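K.L.:
In this note's numbering, the protein residues as written are 226 to 607.
#1: Got a sec? Which residues, its chain only, sit under 6 Å from residue 595 by beta carbon, not counting five neighbours each side?
#2: Quick one: give me the first and last residue of the alpha helix (DSSP H) that residue 576 is part of.
#3: Okay, do the segment 270–281 and the segment 251–262 touch, 3+ Cβ pairs below 8 Å being the bar?
#4: Which residue wins for smallest C-alpha separation from residue 401, given the options 372, 342 and 391?
#5: Check this for me: beta carbons of residue 578 and residue 552, under 8 Å apart or not?
#6: Whole angstroms is fine: what's the gap from residue 300's alpha carbon to residue 258's?
#7: Work out the CA separation of residue 381 and residue 281 for me, nearest whole Å.
#8: Which residue comes first and which comes last in the alpha helix (DSSP H) that contains residue 407?
#9: Whose C-beta lies closer than 6 Å to the C-beta of residue 522 among residues of the same chain, with five residues either side of it excluded?
#10: Of the choices 283, 306 and 403, whose alpha-carbon is the least far from that of residue 446?
#11: Going by C-alpha distance, which of 497, 536, 573 and 504 is nearest residue 519?
#12: Counting Cβ pairs, one atom from each stretch, are 3 or more of them under 8 Å apart for the segment 279–293 and the segment 335–352?
#13: Going by alpha carbons, who is nearest to residue 493 out of 418, 585, 530 and 410?
#14: Just verifying my parser: in three-state terms, what is the DSSP assignment at residue 528?
#15: At what residues does the beta strand (DSSP E) containing residue 281 begin and finish?
#16: Based on DSSP bridge pairs, tell me the residues matched to residue 295.
#17: Could you name the residues that DSSP lists as bridge partners for residue 271?
#18: How is the alpha helix (DSSP H) around residue 501 delimited, first residue to last?
#19: I think residue 495 touches residue 407, with their Cβ atoms under 8 Å apart; what is that distance to the nearest whole Å?
#20: Who are the Cβ neighbours of residue 311 in its own chain at under 6 Å, not counting the five residues just before and after it?
#21: Since residue 365 is in the alpha helix (DSSP H), which residue starts that stretch and which ends it?
#22: Given that a residue counts as buried once 16 or more other Cβ atoms are within 10 Å of its Cβ, and exposed if not, what is residue 391?
#23: Answer yes or no: do residue 597 and residue 367 have a C-beta to C-beta separation smaller than 8 Å?
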């Protein structure tokens, strides 16, 4: 396929995703009356004045033009009032303290993840300093905003580290790939553990996570297991390739096999991953509370690994569109289940999911500007 056609196809997919998200997002504030079965009997659109999640809410009705005081509870006559804020209202009521705390926790998580890559460089005896590795990682974060996929910045990070380690460029490049594989294994490991808590509510989702974890672990084992490599005849398969391509693959393979001596350390990083990723999942939970989304902390331990893995598909920069669709869909389902099957609850929670995704991704983009600063510094040096 021609590169122009592929780019056009990606842009079309992104446009479709954003169109679906736009149509599935509730933009207007509304109040609904629910009967004893949770079905909507009346719905009125308007504007929420002030906070939307207090015991009482000030609501300006578009229909009557009156300012109403609404209580978010049962009125004693087997009916319930449901307040449904629009997309913009969530941001108007953002808790800035909780937002700042969530943003700070993301930075802590990024520093720890960057340390994991520095450890891989050190294990490969490449002589890259701790702060050098941090700098190149933040440059990668910055270019995530430009290159398709949530991990697209790894390409730029690989270029920088290959230039830095001119004597061993292949081993330097492979360190980036191995770090990504460890991250993938860590995410599916955490997601598999957390999904045991939701297997009764979402059995199919839990089973899918476990199957994906087994498949990814099997592919990773193929990279370093001599037995599996013999079974699939890996070396023989390389022999059928053109000489130049075969040489490149063998060089990369040798660099990967070097980490076979570091399996203990890699295993410790994966086992420690529930602690590491707990930081970013708790960060999402705090962002949830800053917006008033209302999910449980354990829900994010299932939702976030799924989204983090799938939004790496190289379609849109930083995974924009894919992340919003996934967070909206998953938070919609988890939130609706928590609300006890109220009619319209999934659409309302989907709007909250899109809101938390956009807010979180925006603050990540702001932090990534540090990588832009480091990029300018590197250009001056070279």
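Positions of the beta carbon are idealized from the N, C-alpha and C atoms, including for glycine.
Note that the structure is predicted; figures quoted are calculated from it, not measured.
P.N.:
Taking the structure as given:
#1: 363
#2: 570–592
#3: yes
#4: 342
#5: yes
#6: Bear in mind that a pLDDT of 47 at residue 300, under 50, signals an unreliable position, so the number given afterwards is only what the model happens to contain. Those two C-alpha atoms are separated by around 10 Å.
#7: 51 Å
#8: 394–420
#9: 510
#10: 403
#11: 573
#12: no
#13: 410
#14: helix
#15: 281–286
#16: 282
#17: 254 and 286
#18: 498–516
#19: 6 Å
#20: 251, 252, 253 and 254
#21: 355–368
#22: exposed
#23: yes
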